[in-house]
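**Q** If you read the sequences in order, they're chains A and B. Quick note: to get the working numbering, add 84 to the position in the first sequence (first position is 1). Quick note: to get the working numbering, add 57 to the position in the second sequence (first position is 1). Below you will find the structure I want to go over with you.
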Amino acid sequence: AQKITQTQPGMFVQEKEAVTLDCTYDTSDPSYGLFWYKQPSSGEMIFLIYQGSYDQQNATEGRYSLNFQKARKSANLVISASQLGDSAMYFCAMREGNSNSGYALNFGKGTSLLVTP
Amino acid sequence: GAGVSQSPRYKVAKRGQDVALRCDPISGHVSLFWYQQALGQGPEFLTYFQNEAQLDKSGLPSDRFFAERPEGSVSTLKIQRTQQEDSAVYLCASSPWERIEQYFGPGTRLTVT
């Protein structure tokens, strides 16, 4: 079963506007972590933000914030004041606490974001 | 500072050939991961090393795939008798033990013809 679901294959946003990228997850482990990575066309995966399952507050990193709704098992990424350079693929990923794989990440299929002038 | 590097960046192999993909993690990083990313998909876990020990290889798709990290730094992913379905981008990531985020390399794009 898919552990990370990203239902938006593609999104458009106008420059300077905010955009929300959706992510839902499935786990029975009480200890887990949620990540967002950005993958530009050059291919490298760039870490954006992390939210732990026990964190009381939503994570923020500059223009990125994570809207963590534990009961709904959702971890949406909010990008404020979009810039043209934000155009990329965005991946949501989860690490489960009881994994014996040293915390390997389970990734969703990604959302392609295009920022227009 | 230097990030994770991978070589070659691009590799074209004829079906049946063996290939070796190299990953140089960030110096001092204990954890090293290999992922396979098919076109239009998210990365999928292949294997994990803690220093030189391969602690999990549950994601390796077949016994044609083999990974090693003999001295706990550089790692090599070897694919024997390549098949067309092996065409993908192979990503390497490393992480220091005390941090949770993984730092990814640029990947090796493997095309099997």
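Ideal Cβ positions, reconstructed from N, Cα and C, are used throughout, including at glycine.
#1: Cβ closer than 7 Å: which chain B residues qualify as neighbours of residue 127 of chain A?
#2: For residue 152 of chain A and chain B, any beta-carbon pair shorter than 7 Å?
#3: So, does the CB of residue 158 of chain B fall closer than 7 Å to a CB anywhere in chain A?
#4: Any C-beta of chain A within less than 8 Å: which residues of the stretch 115 to 137 of chain B qualify?
#5: Is the distance from the Cβ of residue 102 of chain B to the Cβ of residue 89 of chain B below 7 Å?
#6: Quick check: the stretch 98 to 105 of chain A against the stretch 160 to 176 of chain A, are at least 3 beta-carbon pairs closer than 8 Å?
#7: Quick check on the DSSP output: the beta strand (DSSP E) that includes residue 120 of chain A runs from which residue to which?
#8: Taking Cβ-Cβ distances shorter than 9 Å, what residues in chain B pair up with residue 175 of chain A?
#9: Quick check: the Cα distance between residue 166 of chain B and residue 93 of chain B, rounded to an integer number of angstroms?
#10: Taking the C-alpha atoms as reference points, what is the distance between residue 192 of chain A and residue 136 of chain A?
#11: Any C-beta of chain A sitting closer than 7 Å to the C-beta of residue 105 of chain B?
#12: Against residue 94 of chain A, what residues of chain B qualify as contacts under a CB-to-CB distance less than 8 Å, listed in chain order?
#13: Nearest chain B C-beta to residue 117 of chain A closer than 7 Å, yes or no?
#14: Report yes or no: is there a C-beta of chain B within less than 7 Å of the C-beta of residue 87 of chain A?
#15: Does the Cβ of residue 142 of chain B have 16 or more other Cβ atoms within 10 Å, making it buried, or fewer, making it exposed?
**A** A quick look at the data gives this:
#1: Per Cβ cutoff of 7 Å: 146, 163, 164.
#2: Cβ-Cβ to chain B under 7 Å: no for residue 152 of chain A.
#3: yes
#4: 115, 116
#5: no
#6: yes
#7: 116 to 123
#8: 99, 100
#9: Straight-line Cα distance between these residues: approximately 10 Å.
#10: 17 Å
#11: yes
#12: By Cβ distance, chain B contributes nothing, its closest Cβ being about 12 Å from residue 94 of chain A, past 8 Å.
#13: yes
#14: Cβ-Cβ to chain B under 7 Å: no for residue 87 of chain A.
#15: exposed
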